[in-house]
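*Asks:* Input: one structure, supplied below.
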Ligand SMILES: [Zn+2]
Ligand SMILES: [Zn+2]
């Protein structure tokens, strides 16, 4: 029995499941060829690998875990990575092996409830379902490695092996498969067959329109536009600051951010800062007006969460991270140049 799950894992997938350093070491140890091994597979598909230094198992129905190697590591170790690599190599050497190529698009929504219940008990599923239906926005992409971005929780779930939730990666700290896999499989089922990507919102009722705050913002914009930045006084700025705070407490995060940026531009103007840009002020006012209109006239075409922002849209502290530079964007402005580094 071919273990298609193991054959589907690419080097990148192994990096996601462990880390780059471990994958490199595993490759290096194999290349050096100093280790001997004995690989056996039983009728259920469980694989045991007796290496000259450790022993590993790759169970057919359990998730990859530190329990499956007898070394002292407490996470997926290089021995398990090495075991997957050696299994892949021995299978590819066989004359009649025809491992499925994983270049096909697939839909995690096809994963059955029965399969989900192998990894989550009934209580967990029931709890997750009612939480999920309470109003979440999930962005989905079907591909050979489908992705679900849960905007309301700021987690991204990646599916590495077709139909197998043991090989999922989420940026939360729970071991795979975590409960966010449920939050990803369910919305994938709501995509139309021909849809490659989409945004699903489980918000049942329309969010109430905060008419008072929106009116207040418009009144302030009118007075800003009629006096101009030069004519603005301390009382006006104080009102804008209170408005920014009101927006934040009413979950109008993007409106609050725009008002904060307008205040920043006013302060730049007053301190004769070269970064002040009158064009930028107009852009900010325009964006604010567009968002206000979209909140007042909710057609459902775009989730309100994207228009208003959510409490999870905030600065995130990153402890240790490995960032890969993807280049730089350059925008030449009137009196300054803006560089944006993509990571
Ligand atoms: Zn180990
Ligand atoms: Zn998770």
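In my numbering, the protein residues as written are 1 to 343.
Glycine residues also receive a C-beta, built at the ideal position from the N, C-alpha and C atoms.
All values reported here derive from a predicted model rather than from experimental measurement.
Can you tell me where the beta strand (DSSP E) with residue 148 in it begins and where it stops?
*Replies:* Mapped onto the chain shown, residue 148 falls at position 148. Unbroken beta strand (DSSP E) run through residue 148: 147 to 150.
*Asks:* Taking the alpha carbon of residue 63 as the reference point, which residue from 189, 73, 139 and 166 has its own alpha carbon closest?
*Replies:* Taking the first residue of the chain shown as 1, we reach residue 63 at position 63. Residue 166 is the option with its Cα nearest to residue 63.
*Asks:* State the Cα-Cα distance for the pair residue 22 and residue 13, rounded to the nearest angstrom.
*Replies:* As a first step, residue 22 is located in the chain shown; it is residue number 22 there, counting from the start. As a first step, residue 13 is located in the chain shown; it is residue number 13 there, counting from the start. Their backbone Cα atoms lie some 12 Å apart in a straight line.
*Asks:* Under 7 Å Cβ to Cβ from residue 382, same chain only, skipping five residues before and after it: list those, please.
*Replies:* With the chain represented from 1 up to 343, any question about residue 382 goes unanswered, as that position is not in the structure.
*Asks:* Below 8 Å, can you find three or more Cβ-Cβ pairs linking the segment 114 to 124 to the segment 177 to 189?
*Replies:* Flag = yes, the segment 114 to 124 and the segment 177 to 189 touch.
*Asks:* Check for me: the alpha helix (DSSP H) holding residue 15 runs from which residue to which?
*Replies:* The residue given as residue 15 occupies position 15 in the chain shown. Its alpha helix (DSSP H) spans residues 11 to 17.
*Asks:* According to DSSP, is residue 169 part of a helix, a strand, or is it coil?
*Replies:* For the purposes of this step, residue 169 is identified with residue 169 of the chain shown, where counting begins at 1. Of the three classes helix, strand and coil, the one that applies to residue 169 here is strand, per DSSP.
*Asks:* Once DSSP output is grouped into helix, strand and coil, what is the label at residue 188?
*Replies:* Locating residue 188 in the chain shown gives position 188, counting from the first residue. Looking at residue 188 - three-state DSSP - the assignment turns out to be helix.
*Asks:* Can you pull every residue whose C-beta falls closer than 6 Å to some heavy atom of ligand 3, listed in chain order?
*Replies:* This structure lacks ligand 3; its bound ligands are ligand 1 and ligand 2.
*Asks:* According to DSSP, residue 56 sits in a beta bridge with which residue or residues?
*Replies:* Taking the chain shown and counting its residues from 1, the one referred to as residue 56 is at position 56. According to DSSP, which records beta bridges pairwise, residue 56 is partnered with 49 and 69.
*Asks:* Tell me the rounded alpha-carbon separation between residue 151 and residue 52.
*Replies:* On the chain shown, position 151 is the one that residue 151 refers to. On the chain shown, position 52 is the one that residue 52 refers to. Whole-angstrom Cα-Cα distance: 47 Å.
*Asks:* To the nearest angstrom, how far is it from the Cα of residue 77 to the Cα of residue 57?
*Replies:* Taking the first residue of the chain shown as position 1, residue 77 is located at position 77. Taking the first residue of the chain shown as position 1, residue 57 is located at position 57. Whole-angstrom Cα-Cα distance: 12 Å.
*Asks:* What does the alpha-carbon distance come out to for the pair residue 287 and residue 280?
*Replies:* Your numbering for residue 287 matches position 287 in the chain shown. Your numbering for residue 280 matches position 280 in the chain shown. C-alpha separation (whole angstroms): 10 Å.
*Asks:* Out of 71, 154, 75 and 68, which has the shortest C-alpha to C-alpha gap to residue 315?
*Replies:* Walking along the chain shown from the start, residue 315 turns up at place 315. The residue with the shortest Cα to Cα distance from residue 315 is 154.
*Asks:* Tell me the residue span of the alpha helix (DSSP H) that contains residue 345.
*Replies:* Beyond the ends of the chain as shown, which are 1 and 343, falls residue 345; an answer cannot be given.
*Asks:* By DSSP, does residue 329 sit in helix, in strand, or in coil?
*Replies:* Your numbering for residue 329 matches position 329 in the chain shown. Reduced to three states, the DSSP call for residue 329 is strand.
*Asks:* Here's the rule: buried if 16 or more other CB atoms are within 10 angstroms of the residue's CB, otherwise exposed. What is residue 83?
*Replies:* Along the chain shown, one-based indexing puts residue 83 at 83. Buried.
*Asks:* If you pair each beta-carbon of the segment 199 to 213 with each one of the segment 222 to 232, do three or more pairs fall below 8 Å?
*Replies:* No, they do not touch.
*Asks:* Could you give the DSSP three-state label for residue 158: helix, strand or coil?
*Replies:* One-based indexing of the chain shown puts residue 158 at position 158. Correct three-state label for residue 158: strand.
*Asks:* Could you tell me the alpha carbon to alpha carbon distance between residue 256 and residue 269, rounded to whole angstroms?
*Replies:* As a first step, residue 256 must be located in the chain shown, where it is residue number 256. As a first step, residue 269 must be located in the chain shown, where it is residue number 269. If you take the alpha carbons of residue 256 and residue 269, they lie about 20 Å apart.
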